[in-house]
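Engineer:
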Ligand SMILES: Cc1cc2nc3c(=O)[nH]c(=O)nc-3n(C[C@H](O)[C@H](O)[C@H](O)COP(=O)(O)OP(=O)(O)OC[C@H]3O[C@@H](n4cnc5c(N)ncnc54)[C@H](O)[C@@H]3O)c2cc1C
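Put into structure tokens, the structure is as follows:
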């Protein structure tokens, strides 16, 4: 196949008339980018459509306010409504979430895959079937461990866990380290715009950024895909086959808008997360300190702990639950870090479309058992942080006093309050589960939408239940597996 040079890349502006492609892929996150690249490399005529802009990974500083404006949906966070609302975050740019995330990599744990086999009858999840896809993706995005020492804020949590006798690990990231690298920052972060998107374009694929697809309509020979370009132009494309890869909220929203609803958008899962901001006596934070990489997995999959990005804007955001102590950030930020406790629950949410509203209505109803588990998580997190020298802890619960000593831990109620706990998540999935269990799934085991011809899903929506680990490794492996199945190569 003839490879194109960068000047030949086909990246379209606003179309002036109808378009046509054999395959249309909607959404260019990990699911869409991998699907589009593998299909284009196999010689298919593929049009990849993305609502957000096509920007270099380094078009702005990582984890900055500029990045939120450029690359996040709604400039930051959107609430999932419920007794305790959960703020969720989605990427909206070429490359999707991969452009803004920390790159922490896990395979889907065996226990979780076994559960999906048992409860959803998913085929092709045995080690002998799926490991080849994990391995190939790990190679493609350079999954690696740090060459040098982890950031101090990350080591704090690690040491706190070890002191309590709890299992803590360094999680590898998709990051290409320079040969002989000594520092965690000696290298290049990977993302879809650095890996599969160039592969897609080099293989002759066409990309249409800044275009939101609104509807799919079946006609005799295939699909009519319609949407709007950012400049207001109406976009219409004829396609033989469509892959919806808009992520766990936008894929069900698109299908529901198109009247496709069998097991779509009724089983959203996420990892509800609470945060605690800690102040230590020693310096643990500095500009560009790198991404914290340790996670405490002693109580996994129910509870996991880690350290979040703790740059100044993030610290300011984290301290909004403690307005009387805002000056802490100004005065002490080099000694401060943000830590999280994340739970895995069976609670499910729903996605609904509302006529005339651009965004879908997302509901997620946490129950009392979830709030108790979150409380347990917050307490364990605080214990680790005190163990490793924290002097003050600021939990993400409105109106709760800071915790100055281990004795103050009794301030954490046995069940976190529904209306006052500031919950968030960056992990969304399970809104269109895959498998052969007809009553529970939206697609077959390889993403083919059950009630439709020539329509596939390949993104985080397919993940049957909350995996208890960072999900992009799973999204990538299933997207690769599904693309090869579609091409008849499995
Ligand atoms: C801040 C943050 C940090 C994270 N950190 C990690 C981490 O360290 N490790 C990890 O494993 N995971 C992490 N994640 C999660 C990970 O990024 C996601 O699981 C992954 O990106 C999901 O891939 P996807 O292909 O399903 O969807 P997405 O990445 O969400 O991509 C979907 C794309 O489709 C586009 N789109 C949607 N609807 C339409 C439409 N109608 N028309 C056109 N385009 C559309 C969107 O704009 C978006 O770009 C993080 C997520 C966030 C937000």
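In our numbering, the protein residues as written are 41 to 530. Every residue gets a Cβ at the ideal spot worked out from N, C-alpha and C, and that includes glycine. If you're wondering where the values come from, they're calculated on a predicted model, not measured in any experiment.
1. Counting only the same chain and skipping the five closest in sequence on each side, list residues whose C-beta sits under 7 Å from that of residue 412.
2. Near residue 71, which residues of its chain fall below 6 Å by C-beta distance, leaving aside the five closest residues on each side in sequence?
3. Can residue 141 be considered in contact with ligand 1, in the sense that its beta carbon sits closer than 7 Å to one or more heavy atoms?
4. With a cut-off of 8 Å on the beta carbons, I'd call residue 353 and residue 384 a contact; round off their distance for me.
5. How many Å lie between residue 59 and residue 131 at the Cα?
6. Where does residue 42 sit, in a helix, a strand or coil, going by DSSP?
7. Using alpha carbons as the reference points, say which of 145, 117, 201, 471 lies closest to residue 293.
8. For residue 467, verify whether its CB is less than 7 Å away from any heavy atom of ligand 1.
9. Got a sec, what are the start and stop residues for the beta strand (DSSP E) residue 319 sits in?
10. Would you report the Cα separation of residue 357 and residue 377, rounded to the nearest angstrom?
11. Under DSSP, the alpha helix (DSSP H) around residue 423 begins and ends at which residues?
12. Looking at C-alpha atoms only, which residue of 277, 338, 436 is the closest neighbour of residue 88?
13. Which first and last residues belong to the alpha helix (DSSP H) in which residue 292 is found?
14. Is it a yes or a no for the stretch 297-311 touching the stretch 379-394, going by three-plus beta-carbon pairs under 8 Å?
15. When burial is assigned at 16 or more other CB atoms within 10 Å of the CB, is residue 219 buried or exposed?
16. Select from 302, 372, 339, 365 the residue whose C-alpha is nearest the C-alpha of residue 324.
17. Jot down the residue ranges of each uninterrupted beta strand (DSSP E) in the stretch 478-516, minimum 3 residues, whole runs only, in chain order.
18. Using 10 angstroms around the beta-carbon of residue 337, count the other beta-carbons present and answer buried if the total reaches 16, otherwise exposed.
19. Counting beta carbon pairs with one atom in the stretch 418-429 and one in the stretch 186-205, are three or more of them shorter than 8 Å?
20. Roughly how many angstroms separate the alpha carbons of residue 239 and residue 422, rounded to a whole number?
21. Would the stretch 163-172 and the stretch 191-200 be scored as touching if the rule is three or more Cβ pairs under 8 Å?
22. My assumption, with CB atoms under 8 Å, is that residue 163 sits in contact with residue 485. Please give the rounded CB distance.
23. Compare the C-alpha of residue 469 against each of 287, 489, 459 and name the closest.
24. Count the other C-beta atoms from every protein chain shown that fall within 10 angstroms of the C-beta of residue 450, then say buried if there are 16 or more, exposed otherwise.
25. What's the gap between the Cα of residue 106 and the Cα of residue 116?
26. Would you kindly work out how many angstroms separate the C-alpha atoms of residue 246 and residue 524, rounded to a whole number?
27. In whole angstroms, give me the CA-to-CA distance for residue 254 and residue 479.
28. Hey, would you say residue 237 sits closer than 8 Å to residue 134, going by beta carbons?
29. To the nearest angstrom, report how far apart residue 179 and residue 217 are at their CA atoms.
30. How far does the alpha helix (DSSP H) with residue 194 in it reach, from first residue to last?
31. Using a 10 Å radius around the Cβ and a threshold of 16 neighbouring Cβ atoms, would you call residue 42 buried or exposed?
32. Could you pull out every residue in the same chain whose Cβ sits closer than 7 Å to the Cβ of residue 326, ignoring the five residues on either side in sequence?
33. Only counting the same chain, and skipping five residues up and downstream in sequence, which positions put a Cβ closer than 6 Å to that of residue 527?
34. Nearest to residue 322 by CA position, among 208, 84, 474, 192, is which residue?
35. Using 10 angstroms around the beta-carbon of residue 401, count the other beta-carbons present and answer buried if the total reaches 16, otherwise exposed.
36. Please return the same chain residues whose Cβ sits closer than 6 Å to the Cβ of residue 491, not counting the five positions on each side in sequence.
Structural biologist: If we stick to the structure as given:
1. The residue labelled residue 412 in the question sits at position 372 within the chain shown. Same-chain partners within the cutoff: 454, 455.
2. One-based indexing of the chain shown puts residue 71 at position 31. Counting only Cβ-Cβ distances below 6 Å, and skipping sequence neighbours, we find 285, 498, 499, 515, 519.
3. Here residue 141 refers to the residue found at position 101 of the chain shown. Under cutoff, so the answer is yes.
4. The sequence position of residue 353 within the chain shown is 313, counting from 1. The sequence position of residue 384 within the chain shown is 344, counting from 1. At roughly 29 Å, the Cβ-Cβ gap does not stay under 8 Å, so residue 353 and residue 384 are not in contact.
5. Taking the first residue of the chain shown as position 1, residue 59 is located at position 19. Taking the first residue of the chain shown as position 1, residue 131 is located at position 91. Taking the straight line from one Cα to the other gives about 26 Å.
6. In the chain shown, residue 42 corresponds to position 2, counting from 1. Reliability fails at residue 42, whose pLDDT of 49 lies under 50, so the model's placement of it is uncertain and no value is given.
7. Indexing the chain shown from 1 puts residue 293 at position 253. The shortest Cα separation from residue 293 among 145, 117, 201, 471 belongs to 471.
8. Stepping through the chain shown from its first residue, residue 467 is reached at position 427. Yes, the Cβ of residue 467 comes within 7 Å of a heavy atom of ligand 1.
9. Against the chain shown, residue 319 aligns to sequence position 279. Per DSSP, residue 319 belongs to the beta strand (DSSP E) from 313-320.
10. Translated into the one-based positions of the chain shown, residue 357 becomes position 317. Translated into the one-based positions of the chain shown, residue 377 becomes position 337. Whole-angstrom Cα-Cα distance: 12 Å.
11. On the chain shown, position 383 is the one that residue 423 refers to. Residue 423 -> alpha helix (DSSP H) spans 408-427.
12. Sequence index remark: in the chain shown, residue 88 carries index 48 (1-based). Answer by Cα proximity: 277.
13. As a position in the chain shown, residue 292 is number 252, starting the count at 1. Run containing residue 292: 287-297, per the alpha helix (DSSP H) assignment.
14. yes
15. Against the chain shown, residue 219 aligns to sequence position 179. Classification of residue 219: exposed, given that the 10 Å Cβ count is below 16.
16. As a working mapping, residue 324 is identified with position 284 in the chain shown. Nearest option by C-alpha distance: 372.
17. 495-497
18. In the chain shown, residue 337 corresponds to position 297, counting from 1. Burial call: buried.
19. yes
20. Numbered from 1 along the chain shown, position 199 holds the residue referred to as residue 239. Numbered from 1 along the chain shown, position 382 holds the residue referred to as residue 422. Cα-Cα distance, rounded: 45 Å.
21. no
22. By one-based count along the chain shown, residue 163 stands at place 123. By one-based count along the chain shown, residue 485 stands at place 445. So it is a contact: roughly 4 Å between Cβ atoms.
23. As a first step, residue 469 is located in the chain shown; it is residue number 429 there, counting from the start. Of the candidates 287, 489, 459, the one whose C-alpha sits nearest the C-alpha of residue 469 is 287.
24. Within the chain shown, residue 450 is the residue found at index 410, counting from 1. Flag for residue 450 reads exposed.
25. As a working note, residue 106 is residue 66 in the chain shown. As a working note, residue 116 is residue 76 in the chain shown. Computed Cα separation, rounded: 11 Å.
26. The sequence position of residue 246 within the chain shown is 206, counting from 1. The sequence position of residue 524 within the chain shown is 484, counting from 1. One C-alpha to the other measures close to 20 Å.
27. Start at 1 with the first residue of the chain shown, and residue 254 comes out as number 214. Start at 1 with the first residue of the chain shown, and residue 479 comes out as number 439. In a straight line, the C-alpha of residue 254 is about 27 Å away from that of residue 479.
28. For the purposes of this step, residue 237 is taken as the residue at position 197 of the chain shown. For the purposes of this step, residue 134 is taken as the residue at position 94 of the chain shown. Yes. Within cutoff.
29. Mapped onto the chain shown, residue 179 falls at position 139. Mapped onto the chain shown, residue 217 falls at position 177. If you take the alpha carbons of residue 179 and residue 217, they lie about 13 Å apart.
30. On the chain shown, residue 194 is found 154 positions in, with the first residue counted as 1. 192-203 is the span of the alpha helix (DSSP H), which, as asked, contains residue 194.
31. The sequence position of residue 42 within the chain shown is 2, counting from 1. With a pLDDT of 49 at residue 42, under the threshold of 50, the modelled position of this residue cannot be trusted; read the value that follows with caution. Per the 10 Å Cβ criterion, exposed.
32. The residue labelled residue 326 in the question sits at position 286 within the chain shown. Counting only Cβ-Cβ distances below 7 Å, and skipping sequence neighbours, we find 374.
33. Within the chain shown, numbered from 1, the residue matching residue 527 stands at position 487. Closer than 6 Å at Cβ, skipping near neighbours: 82.
34. Counting from one through the chain shown, the residue named residue 322 turns up at place 282. Comparing Cα-Cα distances from residue 322 to each of 208, 84, 474, 192, the minimum goes to 192.
35. As a position in the chain shown, residue 401 is number 361, starting the count at 1. Exposed, because fewer than 16 other Cβ atoms sit within 10 Å of the Cβ of residue 401.
36. Translated into positions along the chain shown, residue 491 becomes position 451. 302.
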